[in-house]
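Q: Before I ask anything, here is the structure I am working with.
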Amino acid sequence: MALTLQRYFALSNDECIDCGFCRDYIDCSLNTDGCIGCGACVVACPQSARTLRARGSEAAADEKKVNRRNGGLIDCMIDGVAHQVRGPLSVSAALAQLGIRPETNASTPKNHSATCQTGGCWDCAVLIDGELARSCITPLRSGMQIVSDPRAVDQAVPKRVVTMMRPAPHRHPSIFTHGCNYRCDLCHNWDLTFSSTANALTPQQAVAQLALRPETDKWIGISGGEPTLNRKWLVETVREIRLAAPQSRIQLDTNASRLTPDFFDELVEAGMTDFSPDFKASRLETFSRISGIIDTDEARRYMQTVWTAICHAHLHHADSVFMVVNIPCHPLIHTKGELQEMAAALAGLGPEIPVSLTELQPAFRSRHYPRLNRQTMETAAGFLEEKGLKRIIIQGGEGIPRAVDPNELMQSVEDF
Ligand code: SF4
Ligand code: SF4
């Protein structure tokens, strides 16, 4: 019996400024299979101009524009079982709705937990016709042979979409991982985080492309996007960097929302020496607002994991891993009271823990946010000092490269 699953398609509204991101930076199937309703463009649009509509609804005329071909039944094999489902839809949506894997469709705002859902992290990968492929933005097609069993998928060499940089002012080589489980309106790296058109690389390929010079590259960064989303890829990449540059420091910048103690230990064993977790908020409502995680259970879980990671690093790895806790802040988001709650918690753990107080600059969907002057940041640093923190550095102003404006996308190619 053919199964008709819930299917979606995406539309733009009048807020579109024709920046081209959804056309040129997302590996969208619109021109090959029609819109599969994956939702990647909805997450990535800096104007919030894309929305998903349920197919078969009152918007039938609109649906035709994005559904030129693949509206029929799709015969495929999943883990050795034949299925027939009505398209168009992504492989991950089919797996979820057939009950084979949990939901990863970005159209369901309550579910951001599993993966990036925008084609960057490859944590949702399955084997399709024997090759590793990200399921979130890959259209389900007739004749596909899909293997979703994690034991089989784990045998494949992991991949991930990455961008290599030597950003000013440090000129240290860095790997920027695409894809994130947060949905921050102030995402500073949004143009990398949500793009999916670059090649996905294995750890070996990524480190080869980094072209490390062990004599001079004494510090190597891994940032994002959220590097921890694809655990196997991250651990193997740290190992590869350690092999290529045995004496270098290896720093992980992370939101830490998925960095459990065993994952942290594995990274230390692989060669991580520096750790910079984001401590975004102490209050649930602030965390949800800043991260875009609106499911309260999920937001609570993430906040707890972040705090556990900070404690674990300080209590169990202080001798081998240098931690700088990053507090991104803006007076439109954080009150003095909340900054002091965060400072008190950190100072209770260790007043000497270094803290980087970072200005949240206008970016992505919050390009209207006011820039902060030095005095405002110093005042905020004073709030933290009052609660006992002793080592605070301020990052803001020209010290942070400006976020890419959607109107200037074509000038923002930074890969080397
Ligand atoms: S990403 Fe850019 S082009 Fe696409 S809908 Fe949004 S504003 Fe318009
Ligand atoms: S990114 Fe996904 S939802 Fe958006 S137009 Fe392309 S296929 Fe449709």
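In this note's numbering, the protein residues as written are 57 to 472. All C-beta atoms, glycine included, are put in the ideal place defined by N, C-alpha and C.
1. Between R295 and the rest of its own chain, which residues show a CB-CB distance below 8 Å, the 5 nearest in sequence each way excluded?
2. Hey, would you say E415 sits closer than 8 Å to S338, going by beta carbons?
3. Does ligand 2 have even one heavy atom less than 7 Å from the beta-carbon of C97?
4. May I ask whether a heavy atom of ligand 2 can be found less than 7 Å away from the beta carbon of S85?
5. Tell me whether G90, by its Cβ, gets closer than 7 Å to a heavy atom of ligand 1.
6. Could you name the residues of the same chain whose beta carbon sits closer than 8 Å to that of G186, not counting the 5 residues immediately before and after it, in chain order?
7. Count the other CB atoms within 10 Å of the CB of L371; is the residue buried (16 or more) or exposed (fewer)?
8. Quick check: the region 395–414 against the region 445–455, are there 3 or more CB pairs under 8 Å?
9. Alpha carbon to alpha carbon, how far is E441 from G280?
10. Give me the Cα-Cα distance between K166 and R298, rounded to the nearest whole angstrom.
11. Please name the residue or residues paired with A256 in a DSSP beta bridge.
12. Spatial neighbours of I130 within its chain, please: CB distance less than 6 Å, with the 5 preceding and 5 following residues excluded, ordered by chain position.
13. Take Q307 and list the residues in its own chain whose beta-carbon comes closer than 6 Å to its own, dropping the five residues that flank it on each side.
14. At the level of alpha carbons, what is the spacing between T164 and D273?
15. Quick check: what's the CA-CA separation for V147 versus Q211?
16. For E434, collect the residues of the same chain with a Cβ closer than 6 Å to its Cβ; drop the 5 residues on either side in sequence, then sort them by chain order.
17. Would you list the residues sitting across from Q451 in a DSSP beta bridge?
18. Is it buried or exposed, S376, if we count other Cβ atoms within 10 angstroms and call 16 or more buried?
19. Can we count I231 as close to ligand 3, meaning its CB is less than 7 Å from some heavy atom?
20. Which of the three DSSP states is assigned to A374 in this structure?
21. Check the Cβ-Cβ distances between C243 and every residue of chain C, and say whether any is below 8 Å.
22. With respect to 7 Å, is the separation between the Cβ of F250 and the closest non-hydrogen atom of ligand 1 below this value?
23. Quick check on this structure: which residue in G176, C132 and R423 has the alpha carbon closest to the alpha carbon of A459?
24. Identify whether R345 lies in helix, strand or coil by the three-state DSSP scheme.
25. Indicate whether the contact test is met: 3 or more Cβ pairs, each with one atom in the region 392–407 and one in the region 345–354, closer than 8 Å.
A: For this structure:
1. P259, A326 and G327, listed in sequence order.
2. no
3. yes
4. yes
5. no
6. Q201
7. So L371 ends up on the exposed side.
8. yes
9. 29 Å
10. Only weak support exists for where K166 lies, its pLDDT of 38 falling under 50; the value from the coordinates is given anyway. Looking at the backbone, the Cα of K166 and that of R298 are separated by about 38 Å.
11. V217
12. V141, G143, L196 and S198
13. G277 and D330
14. The pLDDT assigned to T164 is 42, lower than 50, so where the model puts this residue is not dependable; a value taken from the coordinates is nonetheless given after this. Roughly 43 Å between the two C-alpha positions.
15. 20 Å
16. Here the set comprises nothing.
17. T414
18. Per the 10 Å Cβ criterion, exposed.
19. Absence of ligand 3 from the depicted structure is noted, with ligand 1 and ligand 2 being the only ligands included.
20. coil
21. In the structure shown, chain C does not exist; there is a single protein chain.
22. Placement of the Cβ of F250 at a distance of 7 Å or more from every heavy atom of ligand 1 is found.
23. R423
24. In this structure, R345 counts as helix in the three-state DSSP scheme.
25. no
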